[in-house]
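Trainee: Let me begin by handing over the structure; questions about it come next.
Protein chains: 4
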Amino acid sequence: MAGLGVGLIGTGYMGKCHALAWNSVASIFGDVERPRLIHLAEWNRELADDQAHKLGFKRATGNWRDLLLDPEVQVISITTPNALHAEMAIAALEAGKHVWCEKPMSPSFADAERMLAAAKASGRKAVLGYNYIQNPMVRHMAKLVKSGAIGQVHSFRVEMDEDFMADANAPFSWRSEAKSGYGVVDDFGVHPLSILSTMLEPVEAVFADLGKPYASRVTADGTARDVENFDVAHVLLRLTDGVSGAIQLSRAAWGRKGRIAIQLFGSDGTIAYDQERMNELQLFTRSGKPADQGFRTILAGPDHPPYNLFVPAAGHGLGFNDLKAIEAHELIRTIKSGQGHVIDFAKGLEIERAIHAMAKSHSDGRWVRLRD
Amino acid sequence: MAGLGVGLIGTGYMGKCHALAWNSVASIFGDVERPRLIHLAEWNRELADDQAHKLGFKRATGNWRDLLLDPEVQVISITTPNALHAEMAIAALEAGKHVWCEKPMSPSFADAERMLAAAKASGRKAVLGYNYIQNPMVRHMAKLVKSGAIGQVHSFRVEMDEDFMADANAPFSWRSEAKSGYGVVDDFGVHPLSILSTMLEPVEAVFADLGKPYASRVTADGTARDVENFDVAHVLLRLTDGVSGAIQLSRAAWGRKGRIAIQLFGSDGTIAYDQERMNELQLFTRSGKPADQGFRTILAGPDHPPYNLFVPAAGHGLGFNDLKAIEAHELIRTIKSGQGHVIDFAKGLEIERAIHAMAKSHSDGRWVRLRD
Amino acid sequence: MAGLGVGLIGTGYMGKCHALAWNSVASIFGDVERPRLIHLAEWNRELADDQAHKLGFKRATGNWRDLLLDPEVQVISITTPNALHAEMAIAALEAGKHVWCEKPMSPSFADAERMLAAAKASGRKAVLGYNYIQNPMVRHMAKLVKSGAIGQVHSFRVEMDEDFMADANAPFSWRSEAKSGYGVVDDFGVHPLSILSTMLEPVEAVFADLGKPYASRVTADGTARDVENFDVAHVLLRLTDGVSGAIQLSRAAWGRKGRIAIQLFGSDGTIAYDQERMNELQLFTRSGKPADQGFRTILAGPDHPPYNLFVPAAGHGLGFNDLKAIEAHELIRTIKSGQGHVIDFAKGLEIERAIHAMAKSHSDGRWVRLRD
Amino acid sequence: MAGLGVGLIGTGYMGKCHALAWNSVASIFGDVERPRLIHLAEWNRELADDQAHKLGFKRATGNWRDLLLDPEVQVISITTPNALHAEMAIAALEAGKHVWCEKPMSPSFADAERMLAAAKASGRKAVLGYNYIQNPMVRHMAKLVKSGAIGQVHSFRVEMDEDFMADANAPFSWRSEAKSGYGVVDDFGVHPLSILSTMLEPVEAVFADLGKPYASRVTADGTARDVENFDVAHVLLRLTDGVSGAIQLSRAAWGRKGRIAIQLFGSDGTIAYDQERMNELQLFTRSGKPADQGFRTILAGPDHPPYNLFVPAAGHGLGFNDLKAIEAHELIRTIKSGQGHVIDFAKGLEIERAIHAMAKSHSDGRWVRLRD
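Line order of the protein sequences matches chains L, C, B and Z.
Mapping of the first sequence onto the working numbering: residues 10 to 381, in sequence order.
Mapping of the second sequence onto the working numbering: residues 10 to 381, in sequence order.
Mapping of the third sequence onto the working numbering: residues 10 to 381, in sequence order.
Mapping of the fourth sequence onto the working numbering: residues 10 to 381, in sequence order.
Quick look at the structure:
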């Protein structure tokens, strides 16, 4: 049986990441047919040709709609700016293609709803690029929680921080425009929500306080322009089972580069994790003598599948791109069998619902429930 | 000139800590007269006698009011349960004694106000036991902030966690009674507030979500009794200058023993700190080549006074009790000269105002401003 | 121009690692032609066929010599047990193939010398699989040393530890046989030596004390068999410029999974590194105010090439397999231009010379100089 | 019963440390009579008077021999430069005083032997200031080892590093003179040896390579003077039971301030410790599921006596000076009952024997056995 025919729209940060994943997934896992890298779209033909050559795609185009018409293309990776996701994903689904779309779905909740509707109508699989849930240590965290290793979780905290907006003197960019979204809230907020969704109950209500460290930034012509969205967010959450927690986000946290720090507090233990040390997990349980208790640093290894398919020795480490390869594998499984550890458009819409609720909560200064 | 005559009420956890501080402060600092340990009060004479012998006090009593009448006693350490602070502190001040009272002032805000009024009326010094602000690394943090080392602070996060209420099966105790206070909110919340007060602007408004991981606990007679206060708190804050932040507290965080994790985010850098590693400070600044930037772990040393008066070599470490000795020194300075790095009753009342606002915010589900 | 035609012998731990690297190198780097995965050899045809399918090779064979005759094969990856390296590498070179051979060269120094002679005679490139030197953080360490960031290095320490031989009750295996080599000395020792060779002067003399934590192990038939080589090594080194240091190795260090802890002490600073946290580097320099000095934790990022070609954002992390892709890229550069950051057979022989000197030092109980 | 009458010679770094310990030990432990601080000696009367006032001693003198004649003095703390220890300790013992002498005993082994002989002849207790063995976490480490928590220890590593000699441009001082001793070897080497002596078997043989990072230093008059001893040491050890290990020492390790990093490898686990984080211990045992194994960070707490007598809550931290108070307590116990966890002159001489063997090994370039 031939491998999936792949189309790719966009070859930036995540585009290349998708290409690498499509390229390596079969060799790593050995249980799926090698995807065929068929058609790549970029903003113009020249760039597309160049990238297709580099990334190993057979055909290239400056018009992404060409992929819809390509009979060899069965699944399309969409890695363009968020505002373009809806149009492309809906078109792809309507053309009968499976879709692997980067997160978040869309700055517009209505568009995100339309994306889900299109997925349902198409009968195709539509999956979002929430790669952090694929980290074997994040999966192990979920497994520990579900197995009761830390008892009943009663509260949690998540922080996600980087520093690409930390420089007050960096020029105004599209990232600070309202039309790109709420800023750090959707940019980052979706990640903690996606991770939590794999181990805890759904979000019931949110309360958010959003911040603009720098009220204005200088534009290219030297004038100041008001920043239209948020670089900092402090959010409280209540889950449907009464668990409470907080998510804190910053794109302006100097020195933080890829921090996703998670703490889960349970009746029998605590789990702590930080994506900047993505091959480690901290686990405290109350077992054993008090004098010998402590947080143990678990190093990723073959006992945390699918780490074993990358390296047979523990402690040697996976990298960020490996997570995308795992995601590609789960996507293929989903397409082939309907079973896969993924955030599909239905689950993704719930994440975005929470994001929009955060923005509303901030505006209204009150708790916002996700549904009545 | 003779050293201060000291009275001590209570010889438990903090009582012993005060006694050790009074006993060692002169030898450590060398610039104050040796305090004279005069009179110690406990619940009964027998215990008082025993403790006075052990802790080196001259006289002992089963009636704390005896200290008020003792002409040799000039300053009284109050280390009894919070609910007793007001009566004792007010009586001591009225008797013309200086007061060194453990935090918080009182479960009752009205009582705390009366304490402040008594302090003002007395002309004596009234200081609270906020020892964490005395840690040389916390002081260095404040110095860095004030000197602009991380630019303008725009947001912050503080966590304070221990696990003494983490065991769901631990019996119901006074700690879960409403009359002891709001639980973790006043038990722990005052510490982050005290630390922040030494480096940032005052709190303008708070929003709190308080949690009870265990709704009831078993009493001595085997029946379940409802827990009346909170073991978990998630709090958002806005300061008067617009800085926003969050404080998160838990007495039910398995494995955390003395965590006070502080993160300050500024326009030029970030500071991170954790009291469990109280001899370290993490500092990130954007200076130097990007390839060589990173959080630096600063080890406490003689360049962080008054560490130098304890040990002349860096990296050898201070301990929790040393902080109280520093506090005793600042108290003596305050009594002698009016100058000292302390939280007096006036500042302390502001901290308690914020605590009560948190409780009110939780009840009302809305932001509560500290003053109109 | 077509990409290199690749042959692969062996598909175990490192064989798969090579296959993944050959498969991904072009997409990651974009500046080399895509290697063509031509011919794969395993112990039998059936396994070879299966692996060729999984790993994307065109042809498969149960006889590795078939690769020598395959005109499409230009470079051969040799990933078989160490004792087979010499025969295969020499044959490959004589057949006009470039060679990418896993480390170490051979348990026999004479064989290693023959391998180098064959490489020289062939005019082909012969490169060893020392992947840790490719870690962007290890490269950055070398750059810092060479640029004088820590002044003149005067001493160093390296530890390399795993725990696969830590279980006293694990059965006797080939790893404990003398014919497999000296045990941890060649198994691990070559890695620190390879890393040090990229930043410090050559080794002048060694003194070694080698240990057998367990004198015998139980064989399959239940009898005890003497362990013939070493699981623990403590080695002192002097470099040609007088720098002194130590390398300590253990295959019996419970809990260590991939530790390669390096400390370099210089006249102006210190560097510390641990492969278990391969995306971090610790740097101390004496610049700035003493009160603010400390080891800074540098997170891997785009400023540490070629990290930038994997992920454009810092702190997201590379993994073990990524190092092999970098190595493949350096190998291709070496083949194409003669320039590449690799350990070739000439450099590799020097590493093995030091290993054999360690064994001799232990036997003789004296310093052994590497050359007269 | 009155507390011990104390004399103190020297009030520098360790002198103040002794004074603080004598002053606080009774209040902390509550089970010993309060020592009476009787007589303090310094180089001149003026300084002695000043220090006696600050440190709370009753009498002061510029002539240390006055303490010998003081009938109230029962025990004498000797905290002067190493070269003076022998004369003072012997005189004190001959005068019938107990002795608490800072480490090491003496730069001269013959003098150290005379010190032991004097102690034996006197019938008094003679104890050395090896405070690190008093750290509750070091004690817990010893307890874990002895209880078999990590099985049979088969190898170990210790590093001790500071940076007070790291600056190449720092002027020549007495520390670099041969008459002060071997440099880092005795300055630091005695500490690892003292710690190891509390948990492992005695040293059988040593092999040492000693280093001078800077061959000469500039004197006050601007000329270069040859450095006469060593700032760096790499030492291999074999214990009487066949355990092997290494000790590495540096006074020239930029950024290290109080590092004493210990690793003990056993047949069932590993312990790791660093004095710079003196309130933590790392323990790995092979118990539990492999997927959940890891080094656990044990925080010091009341389960690690005598921590409980300092603070009743875990994770709050002891400091360097607290270790001396524990040592004072053990000394008092030793004086009162003959039982105490101390390094007396007999054990101390064995430590010094190993130090001199290291120096000889370096000179001779061979293993040196401690006894025939």
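A virtual CB, placed ideally from N, CA and C, is assigned to each residue, including glycine.
(1) Less than 6 angstroms between C-beta atoms, sequence neighbours within five positions excluded: which residues of the same chain meet that for Q257 of chain L?
(2) Starting from the beta carbon of M321 of chain Z, find every residue of chain C whose beta carbon is closer than 7 angstroms, and list them in chain order.
(3) In whole angstroms, what separates the C-alpha of S346 of chain Z from that of L318 of chain Z?
(4) Using beta-carbon positions only, say whether S190 of chain C and N238 of chain C come within less than 8 angstroms of one another.
(5) Quick one: what's got a C-beta closer than 8 angstroms to Q348 of chain Z's C-beta in the same chain, skipping five residues either side?
(6) Taking the Cβ atom as the reference point for each residue, do V84 of chain B and I352 of chain B lie within a distance shorter than 8 angstroms?
(7) What is the rounded straight-line gap between the Cα of V34 of chain L and the Cα of Y139 of chain Z?
(8) Could you name the residues of chain C that D283 of chain Z contacts, counting a contact when the two beta carbons are closer than 7 angstroms?
(9) If you measure between the beta carbons of M367 of chain C and A217 of chain C, is that distance less than 8 angstroms?
(10) Quick check on the burial criterion: 16 or more other C-beta atoms within 10 angstroms. Buried or exposed for A11 of chain L?
(11) With the cut-off set at 8 angstroms, would you say F197 of chain C and G326 of chain Z are in Cβ contact?
(12) Residues of chain C with a CB under 8 angstroms from the CB of G267 of chain Z: which are they?
(13) Looking only at its own chain, which residues have a Cβ that is under 8 angstroms from the Cβ of H365 of chain Z, when we skip the five neighbours before and after it?
(14) Tell me whether F319 of chain B sits in a helix, a strand or coil according to DSSP, three-state version.
(15) Please report whether the beta-carbon of G157 of chain C lies at a distance below 8 angstroms from any beta-carbon of chain B.
(16) Name the chain B residues whose beta carbon is nearer than 9 angstroms to that of P299 of chain Z?
(17) Hey, could you find the ends of the beta strand (DSSP E) W109 of chain Z is sitting in?
(18) I'd like the list of long-range same chain contacts for H48 of chain B, defined as Cβ closer than 6 angstroms, with 5 residues on each side in sequence excluded.
(19) What is the DSSP secondary structure of I159 of chain Z, counted as helix, strand or coil?
(20) What are the boundary residues of the beta strand (DSSP E) that T294 of chain Z is part of?
(21) Listing by chain order, which chain Z residues have their CB less than 8 angstroms from the CB of F304 of chain L?
(22) Have a look at Z:K266, Z:R45, Z:Q272 and flag the residue whose alpha-carbon is nearest the alpha-carbon of T279 of chain B.
(23) When the Cα of W109 of chain L is compared with those of L:I18, L:E51, L:F165, L:F38, which residue comes out closest?
(24) Using the DSSP secondary-structure output, state which residues sit across from G275 of chain Z in a beta bridge.
(25) Which full runs of the beta strand (DSSP E) of 3+ residues lie inside the region 79-120 of chain C, going along the chain?
(26) At what residues does the beta strand (DSSP E) containing G246 of chain Z begin and finish?
(27) Hey, how far is the Cα of D283 of chain B from the Cα of R166 of chain B?
(28) Would you verify that the beta carbon of H163 of chain Z is, or is not, closer than 8 angstroms to some beta carbon of chain L?
(29) Under a CB-based cut-off of 8 angstroms, is H313 of chain C close to chain B?
(30) Could you pull the DSSP bridge partners for D170 of chain B from this structure?
(31) With burial defined as no fewer than 16 other Cβ atoms inside 10 Å of the residue's Cβ, what is the status of E210 of chain B: buried or exposed?
(32) For R305 of chain B, collect the residues of the same chain with a Cβ closer than 8 angstroms to its Cβ; drop the 5 residues on either side in sequence, then sort them by chain order.
(33) Just the C-alpha distance for D120 of chain Z and S259 of chain Z, rounded to the nearest angstrom, thanks.
(34) Using a Cβ cut-off of 7 angstroms, pull out every chain Z residue sitting near Q143 of chain B, in sequence order please.
(35) Look at L137 of chain Z and F354 of chain Z and say whether their C-beta atoms are less than 8 angstroms apart.
(36) If we define contact as Cβ-Cβ less than 8 angstroms, is I204 of chain C a contact residue for chain Z?
Mentor: Quick answer:
(1) By one-based count along the first sequence, residue 257 of chain L stands at place 248. Contacts found: E168, H243.
(2) Taking the first residue of the fourth sequence as position 1, residue 321 of chain Z is located at position 312. A quick correction: the sequence has Pro, not Met, at residue 321 of chain Z. Per Cβ cutoff of 7 angstroms: Y22.
(3) Residue numbering aside, residue 346 of chain Z sits at position 337 when the fourth sequence is read from its first letter. Residue numbering aside, residue 318 of chain Z sits at position 309 when the fourth sequence is read from its first letter. Distance between the alpha carbons of S346 of chain Z and L318 of chain Z: 21 angstroms.
(4) Position 181 of the second sequence, counted from the first residue, corresponds to residue 190 of chain C. Position 229 of the second sequence, counted from the first residue, corresponds to residue 238 of chain C. Contrary to the premise, residue 190 of chain C reads as Gly rather than Ser in this sequence. Contact flag set, yes.
(5) Numbered from its first residue, the fourth sequence carries residue 348 of chain Z at position 339. Correct list, in chain order: R342.
(6) Counted from its first residue, the third sequence places residue 84 of chain B at position 75. Counted from its first residue, the third sequence places residue 352 of chain B at position 343. Here V84 of chain B is not near I352 of chain B, since their CB atoms are 8 angstroms or more apart.
(7) Reading the first sequence from its first residue, position 25 is the one you call residue 34 of chain L. Reading the fourth sequence from its first residue, position 130 is the one you call residue 139 of chain Z. Each residue's Cα considered, the two are about 58 angstroms apart.
(8) For this step, residue 283 of chain Z is matched to residue 274 along the fourth sequence. Within chain C, no residue comes near D283 of chain Z; the closest Cβ sits about 10 angstroms away, beyond 7 angstroms.
(9) Position 358 of the second sequence, counted from the start, is the residue given in the question as residue 367 of chain C. Position 208 of the second sequence, counted from the start, is the residue given in the question as residue 217 of chain C. Note that the C-beta distance between M367 of chain C and A217 of chain C is below 8 angstroms.
(10) In the first sequence, counting from the first residue as 1, residue 11 of chain L sits at position 2. With a 10 Å radius around the Cβ and a threshold of 16 neighbouring Cβ atoms, A11 of chain L comes out exposed.
(11) Taking the second sequence and counting its residues from 1, one reaches residue 197 of chain C at position 188. Taking the fourth sequence and counting its residues from 1, one reaches residue 326 of chain Z at position 317. No, the pair does not count as a contact, with Cβ atoms beyond the cut-off.
(12) Residue 267 of chain Z sits at position 258 when you count from the first residue of the fourth sequence. Against chain C, a Cβ distance below 8 angstroms from G267 of chain Z picks out L308, A322, A323, G324, H325, G326.
(13) Within the fourth sequence, residue 365 of chain Z is the residue found at index 356, counting from 1. Correct list, in chain order: F118.
(14) Reading the third sequence from its first residue, position 310 is the one you call residue 319 of chain B. Three-state DSSP puts F319 of chain B in coil, outside helix and strand.
(15) Taking the first residue of the second sequence as position 1, residue 157 of chain C is located at position 148. With 8 angstroms as the cut-off, G157 of chain C does not count as an interface residue toward chain B.
(16) Locating residue 299 of chain Z in the fourth sequence gives position 290, where the first residue counts as 1. The contacting residues do not exist; P299 of chain Z stays about 11 angstroms from chain B at best.
(17) Along the fourth sequence, one-based indexing puts residue 109 of chain Z at 100. For W109 of chain Z, the enclosing beta strand (DSSP E) covers residues 107-110.
(18) Reading the third sequence from its first residue, position 39 is the one you call residue 48 of chain B. Answer for H48 of chain B: G16, R68, L76, D79, V82, listed in chain order.
(19) If you number the fourth sequence from 1, residue 159 of chain Z lands on position 150. In the three-state reduction of the DSSP assignment, I159 of chain Z falls in the coil class, being assigned neither a helical nor a strand state.
(20) If you number the fourth sequence from 1, residue 294 of chain Z lands on position 285. DSSP places T294 of chain Z in the uninterrupted beta strand (DSSP E) bounded by 289-294.
(21) Your numbering for residue 304 of chain L matches position 295 in the first sequence. Those are R305, T306, listed as they occur along chain Z.
(22) Working through the third sequence from its first residue, we reach residue 279 of chain B at position 270. Comparing Cα positions, the closest option is Z:K266.
(23) Position 100 of the first sequence holds residue 109 of chain L. It is L:I18 whose Cα lies nearest to the Cα of W109 of chain L.
(24) Numbered from 1 along the fourth sequence, position 266 holds the residue referred to as residue 275 of chain Z. For G275 of chain Z, which the question treats as bridged, DSSP gives the partners Z:V162.
(25) Segments of the beta strand (DSSP E) lying fully in the region 79-120 of chain C: 84-87, 107-110.
(26) Residue 246 of chain Z sits at position 237 when you count from the first residue of the fourth sequence. A small fix is needed here, since residue 246 of chain Z is Leu in this sequence, not Gly. 241-248 is the extent of the beta strand (DSSP E) around L246 of chain Z.
(27) Residue numbering aside, residue 283 of chain B sits at position 274 when the third sequence is read from its first letter. Residue numbering aside, residue 166 of chain B sits at position 157 when the third sequence is read from its first letter. Distance between D283 of chain B and R166 of chain B, taken at the CA atoms: about 12 angstroms.
(28) Stepping through the fourth sequence from its first residue, residue 163 of chain Z is reached at position 154. Output row for H163 of chain Z: interface = no.
(29) Indexing the second sequence from 1 puts residue 313 of chain C at position 304. Nearest CB-CB separation between H313 of chain C and chain B: below the 8 angstroms threshold.
(30) For the purposes of this step, residue 170 of chain B is identified with residue 161 of the third sequence, where counting begins at 1. Paired residues: B:S259, B:R268.
(31) Mapped onto the third sequence, residue 210 of chain B falls at position 201. Exposed, by the Cβ-count rule.
(32) Numbered from its first residue, the third sequence carries residue 305 of chain B at position 296. Contacts found: Q291, L292, F293.
(33) Counting from one through the fourth sequence, the residue named residue 120 of chain Z turns up at place 111. Counting from one through the fourth sequence, the residue named residue 259 of chain Z turns up at place 250. Their Cα atoms are separated by approximately 26 angstroms.
(34) The residue you call residue 143 of chain B lines up with position 134 of the third sequence. Residues of chain Z with a Cβ closer than 7 angstroms to the Cβ of Q143 of chain B do not exist, since the nearest Cβ in that chain sits about 27 angstroms away.
(35) The residue given as residue 137 of chain Z occupies position 128 in the fourth sequence. The residue given as residue 354 of chain Z occupies position 345 in the fourth sequence. Going by C-beta atoms, L137 of chain Z is nearer than 8 angstroms to F354 of chain Z.
(36) Working through the second sequence from its first residue, we reach residue 204 of chain C at position 195. Not closer than 8 angstroms to any Cβ of chain Z, the Cβ of I204 of chain C fails to qualify, so no.
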